[in-house]
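This report refers to the structure that appears directly beneath it.
Residue numbers (the working numbering): 939 to 1444.
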């Protein structure tokens, strides 16, 4: 069976060519305009010699070029590798090399780090968005405007439905980030069924303040809108006043965000803004505190439905089934075609009840094909035919699922996953640090804050603020520890492993 995810854009453009697809503070783009622009990108990429299956890394914030590049990559049968614009050079180089990317599309915001990264990964070409100094870039580096100027056949590559569309990098609690292969079919089914379950309406306008390089923003918001022909109100960066202004300007009906956004909006001064168009909210990325949920709902007068998903589940795995049937603090029920179980350490299914907490495992049309070039990790994650999420939870007697904790040590800061080992490995390279442990500590605004506990080498000296500043220069902004505690020696367990539980208790 042949199928390409970009068909969603084409069909919506045929059904409503003049309808706004994307609304930005500076203007709007219709479905026909985005379809045409992405077709030009696809034509240009083919002309440059890229062939189906080649990887293209895209490192941009929520700007029009992200969307035209994304659908252009899909139309050409290429594989998207979305990268956070906040990544540092070493992180970018790792992703490019591990994914076998042949091209990086990046912009002014990330230019300095990207240019340094490309020097470490020979053979990767670059395309630059906006006004970027071309000095020091690889030979053949071009401008994104050149892609948009291409003319030719606007064919959508008729690949197989199970071909990889997006290689989305994620991490477990050990090892380096790994690429989850999401197919055209899994992404299509997820946004189709997820949108139907959530209950989208023809005239809905969905807020897009979540980044498109993240699975929530890419799959649930951007793909979901393209699939159902909805309009997206794009806010390039989260700021409460910018969000409130977009809601009023674009008559936003669906608010989609992570708990920290709801917390900030609940606390913000919304007087003077007309938010009466809002009818429903969607929360994901982390568990939303009850107080935050109630404060936002009371202030804005709309229900917020919590869901659950991972990069490996193409975003959506469960959704609360409507405001009149939801359960507060529950992640809802599995979407159509997806199964969820709670299992013990021996992978035996546990019965319903809050007293039966175990690991959440999933299977269905939305699950990743596996981890790119990591067969052993893929087999481990899919043991018994179920994808093991690493999250702990339970299911009640009515089939509603609840997440109670992370099985490992994952820190979720403001909706972003921060993997302690990655930060610890960086801290171990500090000349004064002997040992390091990274933890998540509760934070009212962000959900969790990244905190490091370190011991110093004999005779070495460092101040906590100096270590924070050092890490800030070498790792993405959402990852570096905001607080560092220095102690004489990190506590150990019987096997010599650092006892993080004791650090948390201390």
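For every residue, glycine included, the Cβ atom is placed at its ideal position computed from N, Cα and C.
A quick note: this is a predicted structure, and the numbers were derived from the prediction, not measured.
Item, Value
"List the endpoints of the continuous beta strand (DSSP E) containing residue 1008.", "No beta strand (DSSP E) contains residue 1008, which is instead part of the alpha helix (DSSP H) from 1002 to 1013."
"Looking only at its own chain, which residues have a Cβ that is under 7 angstroms from the Cβ of residue 1166, when we skip the five neighbours before and after it?", "1133 and 1138"
"Alpha carbon to alpha carbon, how far is residue 1215 from residue 955?", "24 angstroms"
"Near residue 988, what residues of its chain come up, given a Cβ to Cβ distance below 8 angstroms and the 5 sequence neighbours on each side ignored?", "994, 1014, 1016, 1040 and 1041"
"Which residue spans inside the region 1120 to 1146 form an unbroken alpha helix (DSSP H) run of at least 4?", "1122 to 1136"
"Using three-state DSSP, classify residue 1318 as helix, strand or coil.", "helix"
"So what's residue 1256 in DSSP terms, helix, strand or just coil?", "strand"
"Pick from 1055, 1172 and 1360: whose alpha carbon is nearest that of residue 1023?", "1055"
"On the premise that residue 1298 lies in contact with residue 1331, defined as a C-beta separation below 8 angstroms, what is that separation, rounded to the nearest angstrom?", "5 angstroms"
"Considering only the alpha carbon of each residue, which of 978, 1170 and 1189 lies closest to residue 1001?", "1170"
"Could you check what DSSP says for residue 941 in three-state terms: helix, strand or coil?", "coil"
"In whole angstroms, give me the CA-to-CA distance for residue 1220 and residue 1061.", "41 angstroms"
"Applying the 10 Å Cβ sphere with the 16-neighbour rule, what's the burial state of residue 1399?", "exposed"
"Looking only at C-alpha atoms, which of 1078, 1318, 1259 and 1190 sits nearest to residue 962?", "1190"
"Out of 1207, 1147, 1429 and 977, which has the shortest C-alpha to C-alpha gap to residue 1090?", "977"
"If we count Cβ pairs, one from each stretch, closer than 8 angstroms, do we get three or more for the region 1303 to 1321 versus the region 1352 to 1364?", "no"
"Near residue 1296, which residues of its chain fall below 6 angstroms by C-beta distance, leaving aside the five closest residues on each side in sequence?", "1280, 1281, 1282 and 1288"
"If I follow the unbroken alpha helix (DSSP H) through residue 1186, where does it start and stop?", "1178 to 1188"
"Name the two residues that bound the continuous beta strand (DSSP E) containing residue 1359.", "No beta strand (DSSP E) contains residue 1359, which is instead part of the alpha helix (DSSP H) from 1358 to 1365."
"Using a Cβ-Cβ cut-off of 7 angstroms (strictly less than) and excluding sequence neighbours within five positions of residue 1035, which residues of its own chain qualify?", "1059"
"Taking the C-alpha atoms as reference points, what is the distance between residue 1441 and residue 1005?", "44 angstroms"
"With DSSP as the reference, label residue 1111 as helix, strand or coil.", "Low per-residue confidence applies at residue 1111: pLDDT is 40, beneath 50, and the placement is therefore not dependable enough to give any value."
"Which value, in whole angstroms, describes the spacing of the CA atoms of residue 1037 and residue 1020?", "11 angstroms"
"Kindly indicate the opening and closing residues of the alpha helix (DSSP H) around residue 1402.", "1402 to 1410"
"Does the distance from the C-beta atom of residue 1104 to that of residue 1085 stay below 8 angstroms?", "no"
"To the nearest angstrom, report how far apart residue 966 and residue 1324 are at their CA atoms.", "43 angstroms"
"So the alpha helix (DSSP H) residue 981 belongs to, where does it begin and stop?", "969 to 985"
"Going by C-alpha to C-alpha distance, which of 1046, 1093, 1107 and 1273 sits closest to residue 1018?", "1107"
"Write down the C-beta distance between residue 1142 and residue 1192 rounded to the nearest angstrom, noting that I regard them as a contact closer than 8 angstroms.", "6 angstroms"
"Taking only the alpha-carbon atoms, compute the straight-line gap between residue 1223 and residue 1230 and give it to the nearest angstrom.", "15 angstroms"
"Would you mind reading off the limits of the beta strand (DSSP E) that contains residue 1373?", "1371 to 1381"
"What I want to know is whether the C-beta of residue 1131 ends up closer than 7 angstroms to one or more non-hydrogen atoms of the ligand COA.", "What this structure holds is no ligand at all, so the ligand COA is not there to describe."
"Run through DSSP, which three-state label would residue 1339 get?", "strand"
"According to the neighbour-count rule (16 or more other Cβ atoms, all chains shown, within 10 Å of its Cβ), is residue 1367 buried or exposed?", "exposed"
"According to the neighbour-count rule (16 or more other Cβ atoms, all chains shown, within 10 Å of its Cβ), is residue 1274 buried or exposed?", "exposed"
"If I measure Cβ to Cβ from residue 1110 and keep anything under 6 angstroms in the same chain, skipping five residues before and after, which residues do I get?", "Low confidence applies here, because residue 1110 scores a pLDDT of 47, under 50, leaving its location unreliable and the question unanswered by this model."
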